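Residue numbers (the numbering used here): 94 to 347.
We put the CB at the ideal spot given by N, CA and C, even for glycine.
Just so you know, these numbers come straight off a predicted model, no measurement behind them.
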Amino acid sequence: MEMKKKSRIMIAGREDEFYYLEGPKSRWREFVFTLKVVREFITAFRRLHFVGPCITVFGSARFSADHIYYKLSEEIGKSLTDIGFAVMTGGGPGIMEGANKGAFERKGISVGAEILLPHEQKPNPFLHATAKFQYFFVRKFLLFKYSYGFIVLPGGFGTMDELFEALTLIQTKKIKDFPVVVMGTEFYRPLIALLEHMSKEQTIDKSDLDLVLFTDSIPEAMEHIQKHSIERFKLKKKSKALSYLGESSFSTEQ
């Protein structure tokens, strides 16, 4: 009984989410849940407001530092820094760590949006700033909010969710048609075939295939981002921190 109680304490946040997803609750419980969500949004806004224009890199948390895709993500992080972007990831290990590490070691801005999970996810040591989230949908919103484009490397369910979320938001005009680059063409060969099949069956338009670039070339990826993000939408100036609100400008010296 005691062990079960401890287990419930350890995953209190998860139990709160499970409880909410079971169905309608009392008005008070719904209100309290809403306040928790709003608190996550506001905390993240204050933490990430001054990071500047970002490119978000998605990919698996399961690749070790000696894996080819981890090394690829490092080079991507460096290259994004070179063309003036902050690098944003989910803040965890694997490809996320590689991209953050590349930006961090290149003296660029490296930020993370960390989801609190009972396994697998832990913050990597190459972050100048990180925001922590209990709720996936809040975290996903923040990953898209500050991004002028997306780079997707090999990954699992989460990576697929993020890729198709980006494509859906762009396709339905909920966000601007920022560039989406998928790297690791051999890994994604079945996905390429699936997208072509979807176009053939008319479940997506043929023009929707142009929303994503598949490539293994970092120079081609950077050129695509420069053309479809920097040149097309221009980089917004960073917001000015207001000291009377307790805000401070972002610095890579943190």
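Going by C-alpha distance, which of the options is nearest residue i?
i	options	result
F178	S310, Y163, F197	F197
P218	E207, F126, I297	E207
T252	T127, T149, F126, V131	T149
V45	K293, I176, T278	No information on residue 45 is available, as it lies outside the stretch 94 to 347 that the chain covers here.
G248	H290, P216, G183	G183
M276	Y163, F250, V245, E294	V245
V274	K266, I268, T265, L256	L256
T223	K238, G185, P283, V131	G185
L302	K267, E316, L284, D254	L284
R139	Q264, E316, E123, Y239	Y239
P312	K215, D254, I176	I176
V264	K299, F326, D309	Reading off the sequence shown, one finds Gln at residue 264, where the question assumed Val. Closest option to Q264, Cα to Cα, is K299.
F151	M315, R325, F326, D254	D254
Going by beta carbon distance, what residues of the same chain come within less than 6 Å of residue i, once the five residues before and after it are set aside?
i	result
G170	V180, A192, G195, A196
P241	Just to set this straight, residue 241 is Tyr in the shown sequence, not Pro. Within the same chain, Y241 has close Cβ partners P146, F271, S322.
S203	V180, N193, A196, F197, F219, L220, H221
E167	G191, K194, G195
M291	I297
E95	Only weak support is given to the placement of E95: the predicted model assigns it a pLDDT of 43, under 50, and the value that follows is read from those uncertain coordinates. For E95, where only same-chain residues beyond five positions count, there are no Cβ hits under 6 Å.
R199	K171, T174
G201	T174
E324	none
Drop a sphere of 10 angstroms on the beta-carbon of residue i, count the other beta-carbons inside from all chains shown, and report buried for 16 or more, exposed for fewer.
i	result
E75	Nothing about residue 75 can be reported from this structure: the residues present for the chain run from 94 to 347 only.
S172	buried
L220	buried
I161	exposed
L165	buried
T261	exposed
S348	The requested residue 348 is not part of the displayed model; the chain covers only 94 to 347.
T174	buried
G116	exposed
A286	exposed
I135	exposed
K293	exposed
F243	buried
R101	Low local confidence applies: a pLDDT of 40 at R101 is under 50, so the model's placement there is unreliable, and no value is given.
Ignore the nearest five residues each way along the sequence and tell me which others in residue i's own chain have a CB closer than 8 Å to its CB.
i	result
F226	E133, A137, A206, E207, I208, L209, R232, L235
S119	none
Y163	F156, S157, G187, I188, E190, G191
Y281	P247, V275, F307
Q319	I176
Can you find a C-beta in chain B that's less than 8 Å from the C-beta of residue i?
i	result
D175	In the structure shown, chain B does not exist; there is a single protein chain.
What does DSSP give as the partner residues of residue i in its beta bridges?
i	result
F126	In DSSP, F126 forms no bridge with anything.
G116	DSSP lists no partner for G116.
V305	V273
E207	K225
For residue i, I'd like the list of residues in its chain whose CB is within less than 7 Å of its CB, leaving aside the five on either flank, ordered along the chain.
i	result
E258	K233
I268	F237, L262
L141	V204, A222, A224, L235, Y239
H317	P272, V274, L306
K215	G185, P186
K266	none
P130	The displayed chain sequence assigns Val, not Pro, to residue 130. The answer, listed in chain order, is Y228, V231.
Please determine whether the Cβ atom of residue i lies at a distance below 7 Å from any heavy atom of the ligand ADP.
i	result
G183	The ligand ADP is absent from the structure shown, which contains no ligand whatsoever.
(message) As an exercise, report each continuous beta strand (DSSP E) stretch of at least 3 residues that is fully enclosed by the segment 221-279, in chain order.
(response) As far as the segment 221-279 is concerned, its whole beta strand (DSSP E) runs of at least 3 residues are 222-226, 240-245, 273-276.
(message) In chain order, what are the residue ranges of uninterrupted beta strand (DSSP E) at least 3 long that sit wholly in the segment 148-204?
(response) The qualifying runs are 179-182.
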